[in-house]
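Per our numbering, residue 2 is the first one in the sequence shown, and the count goes up by one each step. We treat Cβ as the ideally placed atom computed from N, Cα and C, and that holds for glycine. Contents: one structure, followed by commentary.
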Amino acid sequence: MMKNLDDLCITTIRMLVADGVEKANSGHPGMPMGAAPMAYVLWTRFLRHNPHNPKWLDRDRFVLSAGHGSMLLYSLLHLTGYDLSMDALKNFRQWGSKTPGHPEHDLACGIETTTGPLGQGFANGVGMAVSEAYLASRFNRPDHTIVDHYTFAIVSDGDLMEGVSHEAASLAGHLGLGKLIYLYDDNRISIEGSTDLAFTENRTARFAAYGWQVQQVKDGNDLAAIEQAITSAKAESDRPSLIAVRTHIGYGSPNKQDTAGVHGEPLGAEEIQLTKQNLEWPPEPAFLIPDEVLDNFRQSVEKGKTLESEWQQRFTAYEAAHPELAMEWRRWMEGEMPKDWEERILVFPADAKGMATRAASGNVLNAVAAHLPNLIGGSADLAPSNKTLIKGENSFQARGYGGRNLHFGVREHAMGSIMNGMALHGGLIPYGGTFLVFSDYMRPAIRLAALMQLKVIYVFTHDSIGLGEDGPTHQPIEHLSALRAIPNLTVIRPCDANETAIAWQHALRSQNGPFALVLSRQGLPTLDRTEFAPATGLLKGAYVLRDTEKKDPDLILIATGSEVSLAVEAFSKLREKSVAVRVVSMPSWELFEMQPEEYRRQVLPADVKARIAIEAGCPQGWHRYVGERGAVIGIEHFGASAPYKLIYKNFGLTVDRVVETANRMLGIGLGD
Ligand SMILES: Cc1ncc(C[n+]2csc(CCOP(=O)(O)OP(=O)(O)O)c2C)c(N)n1
């Protein structure tokens, strides 16, 4: 006999999950079956959300970090009244359905972030809480609280094993993010079996040491204990909270509970029936939702409306008291840029000595920052090198959440995921810096930013062997190619200060992202734009920087970043020998690919086969632009520790090499 409505609701979730996975014949039933009670308590008794308006700005955020348990999230969304139909549940993991294998960011039906790669959701939540804290500090006024919500997540053993969660937990503890509450599904099983195989540290002690409030619920089916723990977590305002809830993977399955076998496979027809019997559930129909269960869950709809309208009233009062702030809040949340901000974009005077593009980047950032107070970011402990500090602004710290300079510490991976969470929350434009070589340390987060098309900006400095003495460990070789391989990521490697300014302008005014700004450590000449084409050409990805006076070029030199100077010098030398050269600055492949074919052919005419690309990195991919008869002057081995000019020389990235290559190529061409 079912004891009460709570039990019925929880068993409904468990069986929807099991039926969904069974029908798809793939998926992960175990974790949701164990975690259903905590999810039920959280969603029906705590989560302040409005299923009919998933975009309500002051909603609590919920992240299912253990994304493989996606059927748990889909069931909760359907049951509480989001726009996720029963058909969607029945089409779990099918082509075009709203219920893909792992949750994919889709706010229209309440999915706050894409999860699946373990640990990412954990760190995203930290970013969401950072945004909440910053916005609350900027906009709330005495007697007027308009930003006031929690970030909840369900995290799993896998999440806690992954390094990114260690980084993010450490930072969240340091920052004292009191409105971050994580329920840890402590089921002690992962794919290979018991967590005793590889994960035996004292998890709760670890989190306590990070500075989190830690609680334990010994019985994952004890609703009162879960409720009590969440209540205490909410009452703790100075520390994030971890509630370790001891659960049983595949709860209710007589033969599979507590085994790895129920982690990632359907229960099977027979075991499903045994489970239903065991949980006193009717064998048929599948996807059963008893009326009283639906009624109970759907109360979330009315509750949500009330919550939002109460907030709306508070906002109206706020608007009356602080009309300008209210307007600014709306602008930020809608991603609208203030008027005239683009006028702040710097124009740098021509200068043969010039400056490093990282320095130009820092200047541009500081020039626009005062006009874009929702631009917020920092570095993974390299701000002095990355030039990411906003001067005159405070640090974001527990004692002052209004600071705009974030200190991520030496935690690139968490930085990337936290930036994602910040962008997902809405209202802010996050940027983060490190050396280009360490983009590897944050690549999983970059990939997810790209998958979700989040507007985040990476400031990657020390972009080549040009960083010199730090040597091969710090000199990126394959990184540009590796980043260009990520769909949706716009990689921009500007050649001078003015291209850097335009790159920032482009990233800031775009609705979607992400953007990687790839910047030099060493000084680069600031080109005289009365002599060369305007830097706004960067917006097209590649442009003719300098052209021959003749009708058609004999040769096209294509370069990015610091190597554009080499191309420009080679241009002059070749011109002395009457070679008609065109120099193309190509800061961004992705932007170039977005141009109409006509433009692309104008820049790189099909009949000019003599082409040389120059880039201080792995040549992979450049043949797309230089063609079969072209050449790529790049680097196909690791770097070296020495003054950078010598490395350039010894690796053959020199004007002479460009000229020689051109001569050889044209000689061959003439002999044809
Ligand atoms: C970064 C990453 N590595 C590996 C995986 C593959 N994977 C999915 S679930 C899982 C085991 C997770 O165990 P746990 O978090 O305890 O989940 P549960 O067994 O409780 O469902 C693994 C290794 C992944 N999703 N993400």
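In this structure, the beta-carbon distance from V609 to I557 falls below 8 Å. The bridge partners DSSP lists for N406 are G378, S396. Given a length threshold of 4 residues, each whole run of the alpha helix (DSSP H) inside the segment 112-156 is given here in chain order: 121-140. In its chain, beyond the 5 residues on either side, A451, Q454 have a beta carbon closer than 6 Å to the beta carbon of N489.
Residue environment: V348 is assigned as exposed (fewer than 16 neighbouring CB atoms within 10 Å of its CB, all protein chains considered). Within 10 angstroms of the beta-carbon of N5 lie fewer than 16 other beta-carbons, which makes it exposed. Annotation: the continuous alpha helix (DSSP H) that includes T276 extends over 270-279. Within the segment 147-214, the complete beta strand (DSSP E) runs of at least 3 residues fall at 152-157, 181-187.
Separation of E532 and E168 (C-alpha to C-alpha, rounded to the nearest whole angstrom) is 49 Å. Looking at the DSSP output, Y41 shares a beta bridge with no other residue. Put simply, of G618, N664, W57 the residue whose alpha carbon is nearest the alpha carbon of E335 is W57. Around the Cβ of R46, a 10 Å sphere holds fewer than 16 other Cβ atoms; the residue is exposed. By the Cβ criterion, the segment 535-542 is not in contact with the segment 560-571, since fewer than three pairs of Cβ atoms, one from each stretch, lie closer than 8 Å. Residue pairing for I466: DSSP places it in no beta bridge. The Cβ atoms of Y83 and P52 sit closer than 8 Å to each other. Of the candidates H79, A173, E616, E616 places its Cα closest to the Cα of V519. The shortest CA-to-CA distance from K277 to any of G269, D292, G253 is the one to G253.
In chain order, L390 place their CB closer than 6 Å to the CB of A384, counting only its own chain and leaving out the 5 sequence neighbours on each side. Assigned with DSSP and collapsed to three states, Q621 falls in coil, not helix or strand. L429 has its alpha-carbon roughly 21 Å from the corresponding atom of E105. Under the 10 Å beta carbon count, H69 is surrounded by 16 or more other beta carbons and is classified as buried. Closest in C-alpha terms to H175, from the list Y402, G262, A19, comes Y402. In the three-state scheme derived from DSSP, where H, G and I count as helix and E and B as strand, A415 is classed as helix. In the displayed model, G524 falls within a strand according to three-state DSSP. For ligand 1, a non-hydrogen atom lies closer than 7 Å to the CB of P118. Relative to T196, the option among E266, S380, H249 whose CA is nearest is H249.
Scanning its chain for C-beta atoms nearer than 6 Å, with the 5 sequence neighbours on each side dropped, one finds around Q216 the residues A230, I244, in chain order. Exposed is the label assigned to I192, since fewer than 16 other Cβ atoms lie within 10 Å of its Cβ.
The nearest non-hydrogen atom of ligand 1 is less than 7 Å from the C-beta of M32. DSSP, read as helix, strand or coil, puts A504 in helix. Within the model, the alpha-carbon separation for P588 versus F288 is close to 53 Å. Per DSSP, T435 is one residue of the beta strand (DSSP E) stretching across 430-436. In the structure shown, the three-state DSSP call for K24 is helix.
Between K646 and G524 a beta carbon distance of about 11 Å is seen, past the 8 Å cut, so the two are scored as non-contacting. Rounded to the nearest angstrom, the gap between the Cα atoms of D160 and L184 is 11 Å.
Taken from the Cβ of S579, every heavy atom of ligand 1 lies 7 Å or farther away.
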